[in-house]
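Student:
Protein chains in written order, with the numbering used here: chain A, 768 to 845; chain B, 4 to 140.
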C-alpha cells in the first residue's frame, strides 16, 4: 500500500490542496464568559438535589412497613 | 342476653369490577354487608353521603376523582368515617398522605387474597368500634 500523500491531491471537503489541510478542526476562538445559568457546578448541585428529592418521593414500602407506621401513629396519638 | 350484632355496612370503591367482587366476597366472609359499590371516586363520595356505611374501602387510582381525594372529601363530610385504603400504590408519600387525611388502614393489593382477608380481619374490630360509636352518637 502506498502511504505517500499525493502533493496535488485535493481535499474532498473544501477542494483546497490536501497538503495544506489541517488534521483536526480549527481551534475555537474564546467565546464570551459562560452564563451563570450554565455553570456546571451549579447544574450538578441542582441535579443532585433533584435526585435526592426524587428518591424521597419514590420510597416504596411493604405491608409490614405500613403496619408499623400505623401502629406508631396510634401510639403517638395515645 | 346480648343484643344481636348487626352486620357491618360496607362501601367498596374500585374501578376494576373483579376487584370489587373479590373484596365483596372477603367482606361477606367476615359477616359484613356490602351496601354499595362505586366504580370511581365521585360515585364513592356520593354513595358515602347517601348510605353512610360503617366503613368505606377505597382504591386510589380511580377515574373522575382519585381515591385519596375521595378520602379527603369523605372525612370532611364525616370526621368519624372509617376508611380503609386498598391500593397498589406502595409509595411512602401515598401512605402518609392517606393516613394524614384520616384513613384508618392501608392495604396493598399486592398482598395475596388470604393476606388481604387477614388484614381486613385485623381491621374489623376497629371498624366495629367505629360502627358502635356511630350508633351511640
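For each residue, glycine too, the CB sits at the ideal point set by N, CA and C.
(1) Only counting the same chain, and skipping five residues up and downstream in sequence, which positions put a Cβ closer than 7 Å to that of residue 77(B)?
(2) So, is the C-beta of residue 4(B) closer than 9 Å to a C-beta in chain A?
(3) Does the beta carbon of residue 104(B) come closer than 9 Å to any beta carbon on chain A?
(4) When Cβ atoms are compared, which residues of the segment 78-101 of chain B fall closer than 7 Å to chain A?
(5) So the candidates are 8(B), 17(B) and 56(B); which of them puts its Cα closest to the Cα of residue 91(B)?
(6) Between the segment 60-72 of chain B and chain A, which residues of the former have a C-beta closer than 9 Å to a C-beta of the latter?
(7) Answer yes or no: does any C-beta atom of chain B fall closer than 9 Å to that of residue 828(A)?
(8) Does the beta carbon of residue 817(A) come closer than 9 Å to any beta carbon on chain B?
(9) Does chain B have any CB closer than 9 Å to the CB of residue 836(A)?
(10) Quick one: residues in its chain with C-beta nearer than 6 Å to the C-beta of residue 120(B), no 5 flanking neighbours on either side, listed in chain order?
(11) Between the Cα of residue 827(A) and the Cα atoms of 25(B), 97(B), 115(B) and 26(B), which residue gives the shortest distance?
(12) Give the list of continuous beta strand (DSSP E) stretches no shorter than 3 residues that lie fully inside the segment 12-77 of chain B.
(13) Can you give me the C-alpha to C-alpha distance between residue 9(B) and residue 819(A), rounded to a whole angstrom?
(14) Counting only beta-carbon atoms, is residue 110(B) nearer than 9 Å to chain A?
(15) Is the distance from the Cβ of residue 27(B) to the Cβ of residue 46(B) below 9 Å?
(16) Under the rule that 16 or more other beta-carbon atoms within 10 Å means buried, what is residue 61(B), buried or exposed?
(17) Output needed for residue 4(B): all residues of its chain with C-beta closer than 6 Å, excluding positions within five of it in sequence on either side, in chain order.
(18) Establish whether the CB of residue 113(B) and some CB of chain A are separated by less than 9 Å.
Tutor: So, from the data block:
(1) 48, 51, 59, 84 and 86
(2) Per-residue confidence for residue 4(B) stands at a pLDDT of 49, beneath the threshold of 50, marking its modelled position as unreliable; the derived number appears in the next sentence. False, the Cβ-Cβ gap to chain A never drops below 9 Å.
(3) no
(4) 93, 94, 95, 96 and 98
(5) 17(B)
(6) none
(7) yes
(8) no
(9) yes
(10) 29
(11) 97(B)
(12) 12-16, 36-41 and 58-61
(13) 50 Å
(14) yes
(15) no
(16) buried
(17) With a pLDDT of 49 at residue 4(B), under the threshold of 50, the modelled position of this residue cannot be trusted, and the question is left open.
(18) yes
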